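J.: Each residue of the sequence shown is one higher than the one before, counting from 1 in the UniProt record's numbering.
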Amino acid sequence: MKASRLASAILASAFGLGSFAALADVPAPQDIPFDGVLKIHVDATDIAHRVFRVHEVVPAKQGPLTLLYPQWLPGNHSPTGSIDKLAGLVVKANGKVIPWKRDPLNVFAFHVDVPEGANSVDVEFQFLSAQDTRQGRVVMTPEMLNLQWNSVSLYPAGYFASRIKAETTVTFPAGWQYGSALEMASRSGDTVSFKPIDYDDLVDSPIYAGKYFKRVDLDPGAKTPVFINIVADDPKFLEIKPEQLKVHQNLVQQMYKLYGAHHYNHYDFLFSLSDKMSGNGLEHHRSSENGVGTGYFTEWDKNVVMRDLLSHEFNHSWDGKYRRGADLTTPNFNVPMGDSLLWVYEGQTQFWGYVMAARSGLWKQEDALDMLANVAATYDKGRPGLQQWRNIQDTTNDPIIAMRRPLPYRNYQMSEDYYSGGQMIWMDVDGKLRDLTGNKRSIDDFAKAFFGMKNGEWDVNTYTFEDVVKTLNDITPYDWTTYLRDRLDGHGPLIGGFEANGWKLVYNDKPSAVTKAVEARMGGANLTYSLGVAVGKGGDIADVLWDGPAFKAGLSPGMKLVAVNGKEYSSDAIKDAVTAASKDKNQPVELLVKNFDEYKTIRIDYHDGLKYPHLERINGKADRLSELLKAR
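Structural data, given as structure tokens:
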């Protein structure tokens, strides 16, 4: 008996699974062509109930057939397919309903027996999208929708996803327009038919559609077009000033100057400006999903902290979609992914997201410096877990461990720190490359060598850790293996790249403009580097720095601040209290807090004043950081 079937038999005996035991075997994907074309129609008109209605025709022949719902999602790097929202599954053959059985050991797999004489099965189900954010991302509102093909399709097991051809149609609400990397074949009223595409590329090609829509050309006249497709809660939010358009057009050109090649035949930013549909940022090869609040354009000065979103997701077309870690590249969406190289995939993209926001003009240079100061402080003092027990490499497991669920002590537990911690490692690499070569080579050279080949091709090009090391050695010889592993596996601060590039991290009592913007978004006060606490809207404690002053005094996340030094809580009141305690060493910061149904007073013996991070020039050292951030 095969080992997997033996295990199934044991489980069946132990748990009374009976005849289901044999179902534990899902056909492994093979690199052979699927015989036929998967046809998928989605009715997306039920915006009142927020329901997507799906009808599929799956070519099949007599005998067993396993249909899979995508589980391991690209960009999520985790088994987070929304199987809980699939409902109403009915399978038919020759016009008659045939039974299906969910695999008890693989709940994303559905088994059917195709009867004699049938050459296909009809599959119908509904995707019941979230009604509010407690159930997940809201992807359908009265004004817009976000259709992700992994949510609204089943596909046959036993094949590489790239070997399954799919034809799709979508019926949109009346009069709505859409944006997608998919290419239209025809349109009849509000039903759009798309050109055939491989199933893996289909899942990589979501749709944004909306009542209020604008499509803007970001590279006018180019042979390879780049568009931004915008949906909004109201037409007024679609207004774009010429200078705002210009910096988004700059982004495309700065990316081309960095890499010297692109890996798509056209590219579409999908961009929602909404206070109803959930925000997001998700990369795809020829598009990206980007969602922010309504005021991105109309309240430009208030949204600085979100303006690296498009540069980050665009960069993923090169880093993550074209060049992809070998262990992350799987034959279909139900084979487990390996996330060990996310410090490149996400870490370097986080780095370039910041740099390209500056080079394009999405950020002023001072904005970029302030944003970088906040990240540097995180990996200087804001991650005690990094110093005490975890490392950046281990956090590449967190898409599977935590799946972005809220954590009680984020700073101590750590989570997906391969993003910003990886960003700091690549800042360090840039400084080292410049030092080793007398500022003749930099991380720009790595980017072009590693990602900037085969212009126009977009088949996945995999890499390993050894490939990263080899490319760095080709730029300038060094013991890059030890250099990278020390930072990935070590427990020290990750801010060396700033000093190498002529800057140092300092703390003072003056919040930067970016810090003020962050506090405005959270509706509270970020006192992480002084009291060791971040306070959210209405006095809710969002985070408490592990072993920091507030932690030692007894404060914890989940409590609520009621009063400060005997007066009603406000963000100004707690800052004033910290300042007062710095002038009177005998005066603690006294907080009245609510913990469940109890009230208690907590006194924090802290007297070092407010501390906010800034980057400051080092006298006598070349300013290579400004050079890095300067437009090409």
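Note that the Cβ used here is the ideal one computed from N, Cα and C, for glycine as well.
Source: prediction; values computed, not measured.
Does the distance from the C-beta atom of F172 to that of L182 stay below 7 Å?
T.: no
J.: As a quick exercise: from Y419, W352, N280, M414, pick the residue whose alpha carbon is nearest that of K448.
T.: W352
J.: Would you decide whether V506 is buried or exposed? Buried here means 16 or more other CB atoms lie within 10 Å of its CB.
T.: Its Cβ having fewer than 16 others within 10 Å, V506 is exposed.
J.: Note down, in chain order, each residue of its chain lying with its Cβ closer than 8 Å to the Cβ of Q254, except the 5 sequence neighbours on either side.
T.: M356, R359, S360, A631, R632
J.: By Cβ distance below 8 Å, which residues in the same chain neighbour K236 in space, the five residues on each side in sequence not counted?
T.: Non-local beta-carbon contacts of K236 in its own chain, meaning distances under 8 Å to residues more than five positions away in sequence, involve T298 in chain order.
J.: Do the CB positions of S420 and D398 come within less than 7 Å of each other?
T.: Not closer than 7 Å, so no.
J.: Whole-angstrom Cβ separation of M337 and W72, contact assumed at under 8 Å?
T.: Going by Cβ atoms, the distance from M337 to W72 rounds to 5 Å, so yes, they are a contact pair.
J.: Going by DSSP in three states, S415 sits in which element: helix, strand or coil?
T.: Coil, per DSSP.
J.: Tell me whether W149 sits in a helix, a strand or coil according to DSSP, three-state version.
T.: helix
J.: Determine which residues share a DSSP beta bridge with S512 and list them.
T.: The partner list for S512 (beta bridge, DSSP) is empty, contrary to what the question assumes.
J.: The beta strand (DSSP E) with Y178 in it runs from where to where?
T.: 177 to 180
J.: If you draw a straight line from the alpha carbon of R390 to that of P493, how long is it in whole angstroms?
T.: 12 Å
J.: Are A525 and V304 closer than 7 Å when you measure CB to CB?
T.: no
J.: Tell me where the alpha helix (DSSP H) around Y208 begins and ends.
T.: Note, Y208: premise wrong, no alpha helix (DSSP H); beta strand (DSSP E) at 207 to 210.
J.: Compare the Cα-Cα distances from R137 to each of N280, K364, I32 and report the closest residue.
T.: N280
J.: Cα separation between Y379 and I495?
T.: Looking at the two C-alpha atoms, the distance is approximately 7 Å.
J.: If you draw a straight line from the alpha carbon of L23 to that of F108, how long is it in whole angstroms?
T.: Since pLDDT at L23 reaches only 49, below the 50 mark, its modelled position is unreliable, and the value read off the structure follows with that caveat. Approximately 12 Å between the Cα atoms of the pair.
J.: Of the residues L238, G558, L362, which one's Cα is nearest the Cα of P406?
T.: Looking from the CA of P406, the closest CA among L238, G558, L362 belongs to G558.
J.: Got a sec, what are the start and stop residues for the beta strand (DSSP E) R215 sits in?
T.: In the DSSP assignment, R215 falls within the beta strand (DSSP E) that extends over 213 to 217.
J.: Who are the near neighbours of A622 in its chain, counting only those whose CB is closer than 6 Å to its CB and skipping five residues on each side?
T.: Within the same chain, and ignoring the five residues on either side of A622 in sequence, the residues whose Cβ sits closer than 6 Å to its Cβ are G502.
J.: Less than 6 Å between the CB of A402 and some heavy atom of the ligand NAP, yes or no?
T.: Here there are no bound small molecules, and the ligand NAP is not part of this structure.
J.: What did DSSP end up calling T601 once you bin it into helix, strand or coil?
T.: strand
J.: Is it true that the CB of Q365 sits closer than 7 Å to the CB of L615?
T.: No, these two residues do not count as a Cβ contact at 7 Å.
J.: Pick out the complete alpha helix (DSSP H) segments inside the region 299 to 335, 4 residues or longer, and give them in chain order.
T.: 309 to 315
J.: Name the DSSP bridge partner or partners of S193?
T.: T169, S186
J.: Going by C-alpha distance, which of N439, L610, V90 is nearest V58?
T.: V90
J.: Ignore the nearest five residues each way along the sequence and tell me which others in D435's own chain have a CB closer than 7 Å to its CB.
T.: Contacts found: A500.
J.: Let me know the secondary structure DSSP gives A21 once reduced to three states.
T.: Low local confidence applies: a pLDDT of 41 at A21 is under 50, so the model's placement there is unreliable, with the coordinate-based value given in what follows. Secondary structure at A21: helix, using DSSP grouped into helix, strand and coil.
J.: Mind checking who Y612 pairs with in its DSSP beta bridge?
T.: N508
J.: How is Y345 classed by DSSP in three states: helix, strand or coil?
T.: helix
J.: Use the C-beta contact count for K432: other C-beta atoms within 10 angstroms, 16 or more gives buried, fewer gives exposed.
T.: Residue environment for K432: buried (at least 16 other C-beta atoms within 10 angstroms of its C-beta).
J.: Assign V37 to buried or exposed, taking buried as 16 or more other Cβ atoms, counted over all protein chains shown, within 10 Å of its Cβ.
T.: V37 should be labelled exposed.
J.: Would you check if there are 3 or more beta carbon pairs closer than 8 Å linking the region 144 to 161 to the region 47 to 54?
T.: yes
J.: For V139, which three-state DSSP category applies?
T.: coil
J.: Compute the Euclidean distance between the alpha carbons of S626 and Y178, then round it to the nearest angstrom.
T.: 40 Å
J.: Could you give the distance in angstroms between the alpha-carbon of I602 and the alpha-carbon of D367?
T.: 36 Å
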